[in-house]
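So for the sequence shown, this note's numbering puts the first residue at 92; every next one is plus one.
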Amino acid sequence: MSGDPSRAPRRLLFGGDWNPEQWPREVWDDDVRLMREAGVTTATLGVFSWSVLEPEEGRYDFRLLDDALDLLHRNGLDAFLATPTASPPPWFTLAHPDALPVSADGTRLTHGSRDTYCLAAPAYREASLRIATALGERYGDHPAVLGWHVHNEYGTQCWCDHAAAAFRTWLRARYDTLDALNSAWGTAFWSQRYGEWEQVLPPRATQYLHNPAHLLDFKRWTSDELLACFTEQRDALRASGSTAPVTTNFMLPTWNHLEQWSWSREQDLVSLDHYLDTTGPDGEAHAAYGADLARSWAGGRPWLLMEQSAGGITTWGAGGASTTAHKEPSRMLRNSLSYLARGSQGSLFFQWRASTAGAETWHSALVPHAGPDSEGFRTACELGATLRAVAEMAEPPVDGPVVEADVALLWHAEGWWALESGGLPSERLDYSDAVRRTHRELYHLGMAVDVVEPGADLGRYRLVAVPSLAGMDDATVTALHRYVKEQGGHLVVFPFTGVADQNLRVVAGGYPGRLRDLLGVRVEQMRPLVPGEEVRLDDGSTGASWSELVHTEQAGATRRYLGGGLSGLPATTVREYEGGGQAHYVSTELAPADLRRLLAGLVRGAGARRVVGDLPEGVEAIRRRGARGSFLVLLNHGPGTVTCAGPGLDMLSGQPLEQPARLHPGGYLVIKEDAGSSHSDAWQVTATDTAPGG
Ligand code: GAL
Numbered sequence: 092m093s094g095d096p097s098r099a100p101r102r103l104l105f106g107g108d109w110n111p112e113q114w115p116r117e118v119w120d121d122d123v124r125l126m127r128e129a130g131v132t133t134a135t136l137g138v139f140s141w142s143v144l145e146p147e148e149g150r151y152d153f154r155l156l157d158d159a160l161d162l163l164h165r166n167g168l169d170a171f172l173a174t175p176t177a178s179p180p181p182w183f184t185l186a187h188p189d190a191l192p193v194s195a196d197g198t199r200l201t202h203g204s205r206d207t208y209c210l211a212a213p214a215y216r217e218a219s220l221r222i223a224t225a226l227g228e229r230y231g232d233h234p235a236v237l238g239w240h241v242h243n244e245y246g247t248q249c250w251c252d253h254a255a256a257a258f259r260t261w262l263r264a265r266y267d268t269l270d271a272l273n274s275a276w277g278t279a280f281w282s283q284r285y286g287e288w289e290q291v292l293p294p295r296a297t298q299y300l301h302n303p304a305h306l307l308d309f310k311r312w313t314s315d316e317l318l319a320c321f322t323e324q325r326d327a328l329r330a331s332g333s334t335a336p337v338t339t340n341f342m343l344p345t346w347n348h349l350e351q352w353s354w355s356r357e358q359d360l361v362s363l364d365h366y367l368d369t370t371g372p373d374g375e376a377h378a379a380y381g382a383d384l385a386r387s388w389a390g391g392r393p394w395l396l397m398e399q400s401a402g403g404i405t406t407w408g409a410g411g412a413s414t415t416a417h418k419e420p421s422r423m424l425r426n427s428l429s430y431l432a433r434g435s436q437g438s439l440f441f442q443w444r445a446s447t448a449g450a451e452t453w454h455s456a457l458v459p460h461a462g463p464d465s466e467g468f469r470t471a472c473e474l475g476a477t478l479r480a481v482a483e484m485a486e487p488p489v490d491g492p493v494v495e496a497d498v499a500l501l502w503h504a505e506g507w508w509a510l511e512s513g514g515l516p517s518e519r520l521d522y523s524d525a526v527r528r529t530h531r532e533l534y535h536l537g538m539a540v541d542v543v544e545p546g547a548d549l550g551r552y553r554l555v556a557v558p559s560l561a562g563m564d565d566a567t568v569t570a571l572h573r574y575v576k577e578q579g580g581h582l583v584v585f586p587f588t589g590v591a592d593q594n595l596r597v598v599a600g601g602y603p604g605r606l607r608d609l610l611g612v613r614v615e616q617m618r619p620l621v622p623g624e625e626v627r628l629d630d631g632s633t634g635a636s637w638s639e640l641v642h643t644e645q646a647g648a649t650r651r652y653l654g655g656g657l658s659g660l661p662a663t664t665v666r667e668y669e670g671g672g673q674a675h676y677v678s679t680e681l682a683p684a685d686l687r688r689l690l691a692g693l694v695r696g697a698g699a700r701r702v703v704g705d706l707p708e709g710v711e712a713i714r715r716r717g718a719r720g721s722f723l724v725l726l727n728h729g730p731g732t733v734t735c736a737g738p739g740l741d742m743l744s745g746q747p748l749e750q751p752a753r754l755h756p757g758g759y760l761v762i763k764e765d766a767g768s769s770h771s772d773a774w775q776v777t778a779t780d781t782a783p784g785g
């Protein structure tokens, strides 16, 4: 069985996590009244309700959900009903101490927070499956159940003996023989050769650096084992006869324990929790990044923003998530529209009503501690009205992706895991940063961007960028060759890409061994830079963090290093192919403005189209395709007023856009485009000179 995207909702959802078990019954009525007032459609229910639903092992008590689902239904609301398996109750710990997770240093964790279970422990898997089955049987045909929300943000790791046994089983299936494993992992180094399968353990705390291939396989196993946790619950829910879509919420920016491509294929609907991690203007680029990832994981189909924060910017630190800054109303609205324009079927939040106790008491909510007489709730009402006005956007296109992009970034969780393995040539190599940096500049250039799976057919893109994907398998290399040589594609490769095979074994003879021929370069030496150190290029660009001693073989230099030990040597290169294909290489980490300039040249050279011609700084334009036409969303994140002119219907006013519309700072427009006008030249967005306050 796999995911069935035809089950995904075909309307826009608005709402969030509702935790009625935290409140007296009379508050529930108030909740539902306020939900209706705000235009909420959907509550996510039961995410952390296990101890209420199963107060003792095997004794279920469904009064909470019976009552809550009926109340929602009577009020015309529906639910994403969760399986509560992210937080086993305290009785579980005492009954099954072996099912508690053990960290790499051998510490067995205990209850008192959430996510305290071993993903491979039979007792945990059985208890999870039992409660998921019971929920499916009881609510599979409940009219309020719009979808199933399995678990919450899978990602828990464990290094215990259950994990060890399951890891070995997985390794045997992957390698078949110990010789193959020894060879793949390079265990000749530091006397690590395994003579019996039982000698292979999870990468537990050890004296010094781990074997990177061992670490990488442990991550792969964790992702696959967690996926089995998900699919067995999904299958139990489906066995109840329910046809509601089954999803589980991915988490970004920091929680990267899953290989999202394989996971997405198993879900009926891809969903994402996305928390801005910056207070500055980069937050908007970050929202676009999360949305582009989710839509791409969903194969270009609509997906769902399952959580964002209502009124706070969250920072993840050693002490967990904390709200460090206020998210102003217009930002919450613009972010919601940005996700929506990039394919989300709505905007859901964590959480509906702010808790007054517990670990996340201070997290923002649609109904804050102050109650409905608050900026937060008024903003929720405004979003509800906005989503109602643009409801038609939810109808997915009959064919093709919901957003059309000419530019793509290669993205894979393994690239991230590889750069977490330690012992690298520079501590400053950071996969997520490298991808995000490239995405950010493409975003600022006004491009629609997809991310693509290594090995996928790239033929429909004009330009493909590959940031720091260190290990590459044959399928990935073949797809890149085909793209450039047969499909005439333009490729740009950034440092520390294709330097090794899929087990992180370096391909010797010059970097990047896996792509040397395609790029026509041979990198003799990596020369990482220390903080504060920079290199200059002959076009005025600067680079930091990284530089390389590059020899052009079949390629030509497009920029050279200027000054320093690499002076006069190639810094960026291109190998051109008959048929128009181009393979570019960039050997340093360019400063943001310089990277933008480089990408602008590549975008132009590749003939990739912007969403709207030229945009004033800070204005975002994105086009979403629908069943009967396209929708252009214009968001003004910048400090100045802009004027937007083009053919279409302003969906918020319901009026045709006959006169150019003025978009004040923080403002937004959603246009239903006239037939035939969904191209970049149909629109003019220009900065307006206005007197202050004008
Ligand atoms: C999410 C999680 C929620 C809540 C939220 C705020 O990652 O799914 O349950 O914890 O973060 O921290």
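Don't be surprised by glycine CBs; every beta carbon is placed ideally from N, CA and C.
Give the DSSP-derived three-state secondary structure of T777 in the structure shown.
The answer is strand: DSSP assigns T777 an E or B state.
How would you write the range of the alpha helix (DSSP H) that T567 sits in, first residue to last?
Per DSSP, T567 belongs to the alpha helix (DSSP H) from 565-572.
Start-end ranges of the alpha helix (DSSP H) lying completely within the stretch 192-270, minimum 4 residues:
213-230, 252-266
For L660, which three-state DSSP category applies?
coil
Which complete beta strand (DSSP E) runs does the stretch 123-152 hold, if anything under 3 residues is left out?
133-136
Please return the same chain residues whose Cβ sits closer than 7 Å to the Cβ of A304, not counting the five positions on each side in sequence.
A275, W276, G277, N594, L595
With a threshold of 7 Å, establish whether the CB of M342 neighbours any heavy atom of ligand 1.
Relative to ligand 1, M342 has its C-beta within less than 7 Å of a heavy atom.
Identify, in the order they occur along the chain, each residue of the same chain with its Cβ nearer than 6 Å to the Cβ of R98, setting aside the five sequence neighbours on each side.
Result list for R98: P336, D359, in chain order.
Have a look at G332, A279, G437, R444 and flag the residue whose alpha-carbon is nearest the alpha-carbon of D121.
R444
When you compare the CB positions of H253 and A212, do they come within less than 8 Å of one another, or not?
yes
Mind pulling the alpha helix (DSSP H) runs of 4 or more residues that sit fully within the stretch 669-746?
683-697
Could you check if L300 is buried or exposed, using at least 16 other CB atoms within 10 Å of its CB as the buried criterion?
exposed
Unbroken alpha helix (DSSP H) run spanning F468, endpoints
466-480
Within the same chain, show all residues whose beta-carbon is closer than 7 Å to that of A691, passing over the 5 residues directly before and after it, in chain order.
L536
What do you get for E624, buried or exposed, if any count of 16 or more other CB atoms within 10 angstroms of its CB means buried?
Exposed, by the Cβ-count rule.
Verify the contact flag: E451, CB atom, against every heavy atom of ligand 1, threshold strictly below 7 Å.
yes
Which residue or residues does DSSP assign as beta-bridge partners of N340?
S362
Just reading off the beta strand (DSSP E) that H530 is part of, what are its end residues?
Taken as a continuous stretch (DSSP letters only), H530 belongs to no beta strand (DSSP E), being part of the alpha helix (DSSP H) at 522-535.
May I ask whether a heavy atom of ligand 1 can be found less than 7 Å away from the beta carbon of H454?
yes
Taking the alpha carbon of D608 as the reference point, which residue from D630, H642, S638 has its own alpha carbon closest?
If we check each option's Cα against that of D608, H642 comes out closest.
Take R205 as the anchor and find which of G197, T247, T224 has the nearest alpha-carbon.
T247
Going straight from the alpha carbon of R102 to that of R124, what length do you get?
22 Å
Top-ranked residue by Cα proximity to C251, from E289, P293, L226:
P293
Three-way DSSP call (helix, strand, coil) for Y602 in this model
Y602 carries a strand assignment under DSSP once its states are collapsed to helix, strand and coil.
Exposed or buried, what is P96 when buried is set at 16 or more other beta-carbons lying within 10 Å of its beta-carbon?
buried
Under 8 Å Cβ to Cβ from C472, same chain only, skipping five residues before and after it: list those, please.
Counting only Cβ-Cβ distances below 8 Å, and skipping sequence neighbours, we find E128, A129, G130.
Please report how far the alpha carbon of L343 lies from the alpha carbon of L457, in whole angstroms.
21 Å
Output needed for G286: all residues of its chain with C-beta closer than 8 Å, excluding positions within five of it in sequence on either side, in chain order.
L269
Please report how far the alpha carbon of G784 lies from the alpha carbon of S455, in whole angstroms.
Note on G784: pLDDT 45, under 50, position unreliable in the model; the coordinate value appears next. Looking at the two C-alpha atoms, the distance is approximately 30 Å.
Assuming D383 and V542 are in contact, meaning their beta carbons sit under 8 Å apart, how far apart are those beta carbons, in whole angstroms?
The pair is a contact, with the Cβ atoms about 6 Å apart (cut-off 8 Å).
Heavy atom of ligand 1 less than 7 Å from the Cβ of F587, yes or no?
no
Just grab the DSSP bridge partners of D169 for me.
Its beta-bridge partners are T133.
So if DSSP puts D541 in a beta bridge, which residue, or which two residues, is it bridged to?
A499
Is the beta carbon of R433 closer than 8 Å to that of A379?
yes
Starting from A304, trace the alpha helix (DSSP H) both ways and give me its first and last residue.
303-330
Contact the stretch 438-452 vs the stretch 700-719: 3+ CB pairs below 8 Å
Verdict: no, contact absent.
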